[in-house]
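Engineer: As they're listed, the protein sequences go chains A and B.
Numbering that gives the first Met the number 0 puts the first residue of the first sequence at 0, with every later residue one more than the last.
Numbering that gives the first Met the number 0 puts the first residue of the second sequence at 0, with every later residue one more than the last.
Take this structure first; my questions come after.
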Amino acid sequence: MMALLEFREMLRSFYGKYDAVLTAVVKFAVSVTAFWMLNDSIGYMEKLKNPVVWLSMSLVCSFLPYSIISFLAGIVLVAHISSVSLELALILSLIFLMVAILYYGFQPGDGYLLLLTPLLFQFKIPYVIPLLVGLSGGLAGIVPVSCGVFVYYIIQYVKQNAGVLTNDAALDITQKYVQIIKNMMGNRVMVVMIIAFAAGILVVYLIRTLSVDYAWHIAIVAGAMTQLMVIFVGDFMFDVSVPMVEMLIGMIAAMILAAVYNFFVFAVDYSRTEYIQFQDDDYYYYVKAVPKITVSAPDVKVQKINSTRNRRREF
Amino acid sequence: MLNEDRLKLMTSIGMFEKKEGKRIFPVYRYFRSDYIGKHLLRSFLGFSICWVLGTALVVLYKAEDILATLNFNEIAGYGKTYIGAYLAGLVVYLLITYWVYWRRYEYASRGMKVYVAKLKRLEKRYEMQGKNGQGGRKA
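In structure tokens form, the structure reads like this:
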């Protein structure tokens with residue numbers, strides 16, 4: 000435990016020293032992964048698949064805020080889809096515009112969730128998102144996470160139906176439009192996932208804010224269980240098929256990642272909890288103070304008392 | 000001569016400005032009613048634009064049904080529901096906007112109090128140093 004705590008302090012001081020560089024590197028990595036994933040899944044526009052284009056875009060993204068990176072990724076997504084179906088690209092543009100006006104008009108500063116949710120779906124650990132959002136943010140996180148789930152399933156829809164969307168000359172534009180909307184909104188797996196993630200965020204957030212010992216640990220377990228339960232209920236009620244083994248492994252990985260996050264952000268020692276009671280003119284105060292677990296980073300200095308050089312001089 | 004105590008205070012004020020400045024100073028330029036009113040107006044326009052866009056999506060989706068029912072009473076009924084839904088959505092959205100910006104203004108005003116208190120402390124330090132300095136020269 001002590002070694003882990005020292006490691007945490009070392010990481011903290013390392014981040015403190017190089018935070019500007021590290022932030023840029025992380026943004027570059029996220030952008031590269033996002034553009035690569037888009038090109039790999041739905042790369043129908045050849046110009047955007049050119050490595051020079053998406054690598055230089057990622058490089059520029061290293062110095063931009065996450066909201067702008069999400070915006071650029073959205074443009075790339077719509078551009079790729081427009082090569083397959085102009086109607087779907089138009090519908091998506093309108094939906095993105097509406098989300099941008101209605102939600103991002105508040106400038107909530109959580110644009111990264113729009114990027115991370117589809118990315119973690121790709122890495123088969125999407126269940127970690129509700130846990131982390133519930134632990135670190137508020138209930139407003141439900142909106143960008145739901146949008147992220149929607150984006151992932153749109154990518155899957157386009158990937159699986161690219162041929163149909165391109166060659167459906169028999170249908171006129173209205174029929175095509177109706178069919179796209181029906182397929183998009185009728186995706187039951189997407190609906191179940193959105194409900195599961197929203198319920199996960201809600202449960203984690205509510206338990207995390209309770210004044211009980213080990214609230215964060217309980218919140219992680221309860222959040223994972225809630226997601227599992229909603230998906231199982233969706234499975235039975237709406238006949239949704241989710242690969243069980245993959246989901247269980249993903250859920251365990253999500254809980255481990257959330258525990259790691261908890262260790263880095265909220266390591267406290269409940270055995271040394273203190274309860275204080277006092278009053279002023281207006282209120283009685285019942286304060287619960289839980290000390291943080293802190294250690295100082297080891298500062299090893301090797302001091303040479305008799306160096307070989309000096310000895311030689313002496314001789 | 001460098002005054003360590005004052006330097007610490009100035010550094011803390013600088014850090015505070017850097018961390019909280021964006022959330023305090025642009026907000027505190029307005030009166031509360033002006034700040035919230037400005038955002039309510041923006042939200043009203045934003046919601047109305049989105050409602051029109053959403054309507055376009057729904058009308059295109061339901062185009063065949065709408066054209067099939069060319070009954071005036073039915074269309075009037077749809078119209079009433081449409082306006083009712085718009086007003087209900089608008090009220091909910093404006094309430095959310097009011098709550099969000101009211102909280103942000105509260106946060107900014109609390110932050111401003113802390114900032115002003117820090118500045119006052121700094122000012123006192125300068126005054127004390129000035130008095131001490133004058134005293135020294137007189138002696």
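C-beta atoms are modelled at their ideal positions from N, C-alpha and C, and glycine is treated no differently.
(1) Spatial neighbours of Ala257(A) within its chain, please: CB distance less than 7 Å, with the 5 preceding and 5 following residues excluded, ordered by chain position.
(2) What is the residue span of the alpha helix (DSSP H) that Phe120(A) lies within?
(3) Identify the contact partners of Val177(A) in chain B, using a Cβ-Cβ distance below 7 Å as the criterion.
(4) Against Ile100(A), what residues of chain B qualify as contacts under a CB-to-CB distance less than 7 Å, listed in chain order?
(5) Taking the Cβ atom as the reference point for each residue, do Tyr104(B) and Arg31(B) lie within a distance shorter than 8 Å?
(6) Any beta carbon from chain B within less than 8 Å of Leu93(A)'s own beta carbon?
(7) Using the Cα positions of Leu121(B) and Met14(B), report the straight-line distance between them to the nearest angstrom.
(8) From the beta carbon of Met97(A), is the nearest beta carbon of chain B less than 8 Å away?
(9) When you compare the CB of Arg41(B) with every CB in chain A, is at least one pair closer than 8 Å?
(10) Comparing the C-beta of Leu66(B) with each C-beta of chain A, is any distance below 8 Å?
(11) If you drop the 5 nearest sequence neighbours on each side, which residues of the same chain put their C-beta closer than 8 Å to that of Leu118(B)?
(12) Pairs of beta-carbons, one from the segment 139 to 153 of chain A and one from the segment 269 to 289 of chain A, closer than 8 Å: are there three or more?
(13) Do Ala252(A) and Ile124(A) have their C-beta atoms within less than 8 Å of each other?
(14) How should Gln106(A) be labelled, buried or exposed, when 16 other C-beta atoms within 10 angstroms of its C-beta is the threshold for buried?
(15) Kindly list the residues whose CB is nearer than 7 Å to the CB of Leu39(B), restricted to its own chain and excluding five residues on each side of it in sequence; keep chain order.
(16) If we ignore side chains and look at the alpha-carbon of each, how far apart do Asp171(A) and Phe235(A) end up?
(17) Using 8 Å for Cβ pairs, my map puts Ala72(A) next to Ala33(A). What's the rounded Cβ distance?
(18) Which parts of the segment 47 to 126 of chain A are runs of the beta strand (DSSP E), unbroken and 3 residues or longer, counting only runs that do not cross its ends?
(19) Taking 7 Å as the cut-off, does the CB of Ile48(B) come closer than this to any heavy atom belonging to the ligand FMN?
(20) Tell me where the alpha helix (DSSP H) around Ala33(A) begins and ends.
(21) In chain B, which residues lie less than 8 Å from Thr208(A) when you measure between Cβ atoms?
(22) So, for Leu87(A): in the same chain, excluding its five sequence neighbours on each side, which residues have a beta-carbon less than 6 Å away from its beta-carbon?
Structural biologist: If we stick to the structure as given:
(1) Your numbering for residue 257(A) matches position 258 in the first sequence. Taken in chain order, the residues that qualify are Val127, Leu130, Leu131, Leu134 and Ile219.
(2) Taking the first residue of the first sequence as 1, we reach residue 120(A) at position 121. DSSP places Phe120(A) inside the alpha helix (DSSP H), whose first and last residues are Tyr111 to Gln121.
(3) As a first step, residue 177(A) must be located in the first sequence, where it is residue number 178. Result: Tyr60.
(4) Position 101 of the first sequence, counted from the first residue, corresponds to residue 100(A). Here the neighbours are Gly45, Ile48 and Cys49.
(5) Translated into positions along the second sequence, residue 104(B) becomes position 105. Translated into positions along the second sequence, residue 31(B) becomes position 32. For Tyr104(B) and Arg31(B), yes; Cβs fall inside 8 Å.
(6) As a first step, residue 93(A) must be located in the first sequence, where it is residue number 94. Yes, because at least one Cβ of chain B sits closer than 8 Å to the Cβ of Leu93(A).
(7) By 1-based counting over the second sequence, the position of residue 121(B) is 122. By 1-based counting over the second sequence, the position of residue 14(B) is 15. Each residue's Cα considered, the two are about 14 Å apart.
(8) Start at 1 with the first residue of the first sequence, and residue 97(A) comes out as number 98. Residue contact check for Met97(A) against chain B: a CB pair falls below 8 Å.
(9) To locate residue 41(B), count along the second sequence from 1; it is residue 42. Judged by the 8 Å Cβ criterion, Arg41(B) is in contact with chain A.
(10) In the second sequence, counting from the first residue as 1, residue 66(B) sits at position 67. No - not a single Cβ of chain A is within 8 Å of the one on Leu66(B).
(11) Taking the first residue of the second sequence as 1, we reach residue 118(B) at position 119. Only Ile12 meet the Cβ criterion.
(12) Taking 8 Å as the limit for Cβ pairs, the verdict is that the segment 269 to 289 of chain A does not touch the segment 139 to 153 of chain A.
(13) Along the first sequence, one-based indexing puts residue 252(A) at 253. Along the first sequence, one-based indexing puts residue 124(A) at 125. Cβ atoms of Ala252(A) and Ile124(A): closer than 8 Å.
(14) The sequence position of residue 106(A) within the first sequence is 107, counting from 1. Burial call: exposed.
(15) One-based indexing of the second sequence puts residue 39(B) at position 40. Excluding sequence neighbours, Leu39(B) sits near Leu93, Thr96 and Tyr97.
(16) One-based indexing of the first sequence puts residue 171(A) at position 172. One-based indexing of the first sequence puts residue 235(A) at position 236. If I take the Cα positions, the gap works out to 37 Å.
(17) Numbered from its first residue, the first sequence carries residue 72(A) at position 73. Numbered from its first residue, the first sequence carries residue 33(A) at position 34. Ala72(A) to Ala33(A), Cβ: 5 Å. Contact.
(18) You should have found no qualifying run.
(19) Summarising the ligand content, the structure contains no ligands, and the ligand FMN is consequently not present.
(20) Walking along the first sequence from the start, residue 33(A) turns up at place 34. Taken as a continuous stretch (DSSP letters only), the alpha helix (DSSP H) holding Ala33(A) covers Met1 to Ile41.
(21) Within the first sequence, residue 208(A) is the residue found at index 209, counting from 1. Using a Cβ-Cβ cut-off of 8 Å, Thr208(A) is close to nothing in chain B; its nearest Cβ partner there is about 16 Å away.
(22) Taking the first sequence and counting its residues from 1, one reaches residue 87(A) at position 88. For Leu87(A), where only same-chain residues beyond five positions count, the Cβ hits under 6 Å are Ile80 and Ile179.
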